[in-house]
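Here the numbering used here is used: the first residue of the sequence shown is 320, the next is one more, and so on. Written out below as structure tokens is the structure these notes cover.
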Amino acid sequence: MVVITLVCSVIAFIDFICSVGIIIVGCSTNLFNQQLEDNKPGTILLCCYTIVYSLLISFGSIKIMDHLFKMVLTVIVLLGYLNIIPVVFSILQLFSLNSFDTWIVVIIIILTLIIDILFLLHSLFSIYFTGYFFVCYILFLNKTYSKPPNNISTDDISFTQLTEDMSSNGIMYFSYAPGSTNHFRRRVLENDIQQLKNKHITTVVCCLTDHDLTRLNMNGYQQVLESHGITYLHCPMIDYWIPDNRALYDSMISRVKTVLENGEVVLVHCNSGKGRTGLFAAGVLSKILPGESSSYYIKQIRLCLPGAFDTFLQRLYFYMYINKIY
């Protein structure tokens, strides 16, 4: 999102200016020698850290818009935790000042407090994101690693579909993973494939990762589908996350759009058939009905697929995709 890039860049610029200002004012007025003589190296090191931090945040805010690289996001979160150290150090430095009777000292204090506040905001973001990730991870464990039911699920697959006026000439269905075994169900793939054939489904888009397929007891899934004449398309995404490969995501949704235009029936699924499925389906809808906003596509998908776009990152990623932010 452009706003995020601008905000991060502005914050980095303010930090940079404040730290440079502290060094210039402190050195030019002999403040370091007069009141911070014992901690002069530490103060200068703190300012240098802030400068390097500002440059890293500027770079990271740009790169995070480039497909939301997980490595960059991780570095930004870790920097937030690292900021706690200079904040504590700078506060101790302020208490070591002998007097606050000159405008120079007041300027130094103001600049330092600005840096500390921005650092603390970043630290709070890191704490929030870590908690968010931890909660998602716990939900992920409970949903996929818990003991499955003893009895085989024989009920019909719960299909939902995109409204016909938005599906071009074909039909796009959504569901949980056919033939999967997890905490909620123990399915038999051959039985589920018969239900797919009853729906005249000719193409299946799987948004599960290879690790998911193994964990859900879906080894050989592609081969079984293809043996029944069903085309298998794979656009893997980690649960609660986003596509690692933007080019693959784009090519797959374009391919599905073509399949629908040919009047065929498509099934899109992940594990539960919500988050990742909705992200893929919205991409297809954006190809069928171009020119709308990301919020429009998300709203339409949620109308037929409640629970879709259940994470902020998925919504942010789709916003970036629709607005061609590379």
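Heads up, the beta-carbon is just placed ideally off N, CA and C, and yes, glycines get one too.
Query, Result
"DSSP state of F631, grouped into three classes?", "helix"
"Could you say which of P562, R595, G399, R621 lies nearest to F448 if we only look at CA atoms?", "G399"
"Taking the beta carbon of K643 as the centre, do at least 16 other beta carbons fall within 10 Å, making it buried, or is it exposed?", "exposed"
"One question on the structure: do D435 and S409 come within less than 8 angstroms of each other, judged by their Cβ atoms?", "yes"
"Three-state secondary structure (DSSP) at M556?", "strand"
"Within its chain, find whatever has a CB closer than 6 angstroms to the CB of I620; leave out the 5 residues flanking it on each side and keep chain order.", "G597, A600, A601, A627"
"With a threshold of 16 other CB atoms inside 10 Å of the CB of P405, please say whether the residue is buried or exposed.", "buried"
"Given F444, which residues of its chain have a CB within under 7 angstroms of its CB, disregarding the five upstream and five downstream residues?", "G399"
"V585 and I520 look like a contact to me (Cβ under 8 angstroms); what is the Cβ gap, rounded to whole Å?", "7 angstroms"
"Going by the beta-carbon positions, is the gap between N402 and F453 smaller than 8 angstroms?", "no"
"How would you call T577, buried or exposed, if buried means at least 16 neighbouring beta carbons within 10 angstroms?", "exposed"
"For the pair the region 556 to 572 and the region 488 to 496, tell me if three or more CB-CB distances fall below 8 angstroms.", "no"
"Since C526 contacts H588 with CB under 8 angstroms, what's their CB separation in whole angstroms?", "7 angstroms"
"Nearest-angstrom Cα distance between E509 and T473?", "11 angstroms"
"What number of angstroms, rounded off, separates the C-alpha of L624 from the C-alpha of I330?", "38 angstroms"
"First and last residue of the alpha helix (DSSP H) that includes S573?", "565 to 580"
"Suppose contacts are defined by Cβ-Cβ distances below 8 angstroms. Is L608 in contact with N488 by that definition?", "no"
"Could you tell me the boundaries of the alpha helix (DSSP H) in which S494 lies?", "No alpha helix (DSSP H) holds S494; the beta strand (DSSP E) holding it covers 490 to 494."
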